[in-house]
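In the numbering used here, the protein residues as written are 24 to 449. For each residue, glycine too, the CB sits at the ideal point set by N, CA and C.
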Amino acid sequence: MVSKEEVTEQPYNQAIPDTCAVKTLPFRRSDGTLDPELAKFTVESGILSWGQVLPIYYGSLQEKLTNNANCRLEMLPGGTIMQHVYTYKFAARVGDWKVRRYYSNLRAGDPWDPDAEKFQAGWVVCHDDIDPLDIVQRVRAIGTRYGPGADVLYIGRYEWSYHWHNPKDPDFEEKFRDWAKSVLEADDDKEIRPFPEEVEGLTQEQRIEEKQKIALALHHKLEKGLLNPKRPPKEDDIPTLAEHISLLEKLLDSETRIFRNAYMHNILHAISKLKSIPREDEFGIKKRAGTLLDKWMKLLKVDPVSSPWYYVAPSIGIAGVRQGGYFIAMDAENFDLDFVKAYKCYCEVGDMTVREVVFSKGEERFGTYVGFPPLGGDEFAWLVFSGKKHQKFDADELIAIVYDGTYEVFQGLYHTVEVEADPREA
Numbered sequence: 024m025v026s027k028e029e030v031t032e033q034p035y036n037q038a039i040p041d042t043c044a045v046k047t048l049p050f051r052r053s054d055g056t057l058d059p060e061l062a063k064f065t066v067e068s069g070i071l072s073w074g075q076v077l078p079i080y081y082g083s084l085q086e087k088l089t090n091n092a093n094c095r096l097e098m099l100p101g102g103t104i105m106q107h108v109y110t111y112k113f114a115a116r117v118g119d120w121k122v123r124r125y126y127s128n129l130r131a132g133d134p135w136d137p138d139a140e141k142f143q144a145g146w147v148v149c150h151d152d153i154d155p156l157d158i159v160q161r162v163r164a165i166g167t168r169y170g171p172g173a174d175v176l177y178i179g180r181y182e183w184s185y186h187w188h189n190p191k192d193p194d195f196e197e198k199f200r201d202w203a204k205s206v207l208e209a210d211d212d213k214e215i216r217p218f219p220e221e222v223e224g225l226t227q228e229q230r231i232e233e234k235q236k237i238a239l240a241l242h243h244k245l246e247k248g249l250l251n252p253k254r255p256p257k258e259d260d261i262p263t264l265a266e267h268i269s270l271l272e273k274l275l276d277s278e279t280r281i282f283r284n285a286y287m288h289n290i291l292h293a294i295s296k297l298k299s300i301p302r303e304d305e306f307g308i309k310k311r312a313g314t315l316l317d318k319w320m321k322l323l324k325v326d327p328v329s330s331p332w333y334y335v336a337p338s339i340g341i342a343g344v345r346q347g348g349y350f351i352a353m354d355a356e357n358f359d360l361d362f363v364k365a366y367k368c369y370c371e372v373g374d375m376t377v378r379e380v381v382f383s384k385g386e387e388r389f390g391t392y393v394g395f396p397p398l399g400g401d402e403f404a405w406l407v408f409s410g411k412k413h414q415k416f417d418a419d420e421l422i423a424i425v426y427d428g429t430y431e432v433f434q435g436l437y438h439t440v441e442v443e444a445d446p447r448e449a
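Here you go:
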C-alpha cells in the first residue's frame with residue numbers, strides 16, 4: 024500500500040531535467056488505483072486549451088474562443104469529409120477540474136459478466152462540480168452527430184489529432200519548429216546512450232531498460248532523418264544515419280521486447296520502401312533496413328504480440344512532436360516553451376503504454392496529459408457546455424471534455440466511469 028504522501032514524493036520521470044520549470048505528476052498509485060486528490064488540475068484564467076500540441080499552439084495564436092454546437096461552425100471548403108475550424112480553446116468554468124477513465128461493455132468475453140476485464144474507451148475531464156457519469160450519458164445521446172444539440176460539440180476524427188493541419192497555412196508545422204527550436208533541437212541533439220554492456224554495475228533488467236531507451240531514440244532519429252517529406256536526407260547525413268542502422272543490427276540480437284517496445288517494425292518497413300536514399304551503394308541503408316525487418320518479423324512469429332495497438336507506430340511528424348495518440352487539457356496561460364519541453368521529456372520517451380499525468384509549475388497544477396498506445400489516425404472528442412455564458416467572457420461556458428482514443432465512439436450497450444471513492448475506504 025502506498026500513501027498519498029509517498030506517491031507525491033516519488034520522482035515520476037527522471038528524464039525531465041531539474042531545470043525544467045514544468046513537472047509531471049502521476050495520479051495513480053503503484054497498484055494502479057486512482058488517487059482522486061491528485062487526478063485534478065486548476066483552471067484559473069478561465070480559458071482552457073485542449074487537443075494535441077500542434078492544435079494547442081495554433082489556438083494560442085488565435086483571438087477568438089470556440090463556442091458550443093448551437094452556433095454555426097465554419098466548414099473547410101472542398102473534399103468529401105466533414106471538417107470544421109476550431110481555435111482549440113474555450114471559456115471554461117474556473118476552478119478545479121478532475122480526470123476520470125470511462126469504460127465500455129465491449130469486451131472480448133461476455134459483455135454482461137461483471138467480473139470480466141473492462142474495456143477502457145477513454146477519459147472524461149470535467150469541472151469538479153460535475154458528475155462524469157452524467158457527462159458520459161449526455162455524450163451517448165449525441166454520438167457522432169454534428170449540429171445543435173444538448174450543448175455538446177462533437178469533434179470528428181478529421182478535425183484534430185493525426186489528421187489536423189492549419190487550413191490556411193501549409194507551412195505551419197515549419198513555423199512551429201522555428202518557435203520551439205530551442206526545445207526541439209536540444210532533443211534532436213541528444214547523443215545515443217552508451218550500450219549497457221559498457222556501463223558497470225547494472226542488473227540484467229536495467230540493461231534491458233537501457234537498450235529499450237536506445238531503440239526508441241534510434242526510432243526517432245531515423246524517422247526524422249529519413250522519413251520527413253519536407254526535409255529529405257542529404258548526402259552528408261548518411262554516414263550518421265548508417266551508424267544508427269549499425270546500432271539496430273547490434274540490438275536485434277538482444278531480447279525481442281527491446282525492438283517491440285520501440286515499434287521498430289514500422290520504421291524499418293517505411294525505410295525499406297523508400298524509392299531512393301543518397302549513397303545507397305556505399306552504405307546500403309535501404310537494403311539493411313529490409314534485412315532487419317525480415318529478421319524481426321520472423322522473431323515476432325515465434326514471440327507474437329497479442330495487442331492490436333502494437334502494429335501501429337507512433338508518429339513524430341514534420342513538426343517534431345507526436346501528432347496523435349494522446350490528449351491534453353490545460354489552462355491556456357501556461358502553454359509556452361517550458362510546457363513543450365516537459366511534454367517532450369515525458370510524453371515522447373519510453374514504450375507507448377497508457378499514461379496519465381498532471382502538469383505542475385511550482386505548487387500549481389494546471390493541466391493533464393492522457394494517452395493510449397497510438398492507433399494511428401482516428402480519435403474523437405466531445406465538448407460539453409453548461410448552457411450558460413461564462414462569468415468572465417462573452418462566450419459559452421465549457422464544463423467537460425470526453426476523449427475517445429480507441430474508436431469505440433459509444434457503440435457499447437452501456438458505459439461506466441471509474442469510482443470516485445478511494446477503493447481502500449469502500
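Rounded to whole angstroms, the separation of the alpha carbons of K321 and I237 is 22 Å. In the three-state scheme derived from DSSP, where H, G and I count as helix and E and B as strand, F195 is classed as helix.
Distance check between S383 and each of E272, F64, D58 places F64 closest, using alpha-carbon atoms only. By the criterion of at least three beta-carbon pairs nearer than 8 Å, the segment 310-318 is not in contact with the segment 42-52. Contact between D174 and V407 holds: CB atoms are separated by about 7 Å, below the 8 Å threshold.
According to the DSSP assignment, L71 belongs to no alpha helix (DSSP H) but to the beta strand (DSSP E) extending over 70-74. If you compare the alpha carbons of N128, K415, F350, N357 with that of I178, the shortest gap goes to F350. In the three-state scheme derived from DSSP, where H, G and I count as helix and E and B as strand, V206 is classed as helix. Here the alpha carbons of K141 and R123 stand approximately 14 Å from one another. About 5 Å separates the beta carbon of V206 from that of K364, a gap short enough to meet the 8 Å contact definition. With the rule of 3 Cβ pairs closer than 8 Å, the segment 416-434 counts as touching the segment 84-93. Separation of the CB atoms of A423 and I231 is rounded to 41 Å, and the pair is thereby denied contact status at 8 Å. For G166, the closest C-alpha among the options T110, S184, L436, G347 is that of L436. Check the Cα spacing between L176 and each of E223, L77, Y111: the tightest is with Y111.
A residue is called buried once 16 or more other Cβ atoms fall within 10 Å of its Cβ, and T263, having fewer, is exposed. In this structure, DSSP gives A355 a helical state, which the three-state scheme calls helix. A direct Cα-Cα distance of roughly 21 Å separates L297 from L239. Counted as a single uninterrupted DSSP element, the alpha helix (DSSP H) harbouring F362 occupies residues 360-370. Ranked by Cα distance from K367, the first of K309, P301, K204 is K204.
Spatial neighbours of D192 in its own chain (CB-CB distance under 8 Å, excluding positions within 5 residues in sequence) are listed in chain order as K198. In the three-state reduction of the DSSP assignment, E402 falls in the coil class, being assigned neither a helical nor a strand state.
Sequence-distant Cβ neighbours of L360 in its own chain, meaning closer than 7 Å and more than five residues away, are A203, S205, V206.
Looking at the DSSP output, I178 sits in a beta bridge with A404. Shortest Cα-Cα distance from R161 to any of V442, F433, Y392 involves F433. Taking 7 Å as the cut-off, the Cβ atoms of I281 and L274 count as close. The Cβ atoms of Y80 and H438 do not sit closer than 7 Å to each other. Collapsing the DSSP output to three states places G82 in a helix. In this chain, A62 is not harboured by any beta strand (DSSP E), its DSSP state being neither H nor E. When the alpha-carbon of G428 is set against those of L61, S53, N128, G74, the nearest one is in G74. The beta carbon of Y109 lies closer than 7 Å to those of T89, E182 in the same chain, with the five residues before and after it left out. Listed in chain order, the non-local C-beta contacts of E356 below 6 Å within the same chain comprise S68, local neighbours out to five positions each way being set aside. Put simply, the segment 242-257 touches the segment 292-309. At least three CB pairs are less than 8 Å apart. Here DSSP, grouped into helix, strand and coil, assigns E386 to coil.
Distance from the Cα of E371 is smallest, within the candidate group Y426, V381, S184, G394, for G394.
As a beta-bridge residue in DSSP terms, T439 pairs with Y126.
By alpha-carbon distance to E305, the top candidate from L129, E228, T279, E266 is E266.
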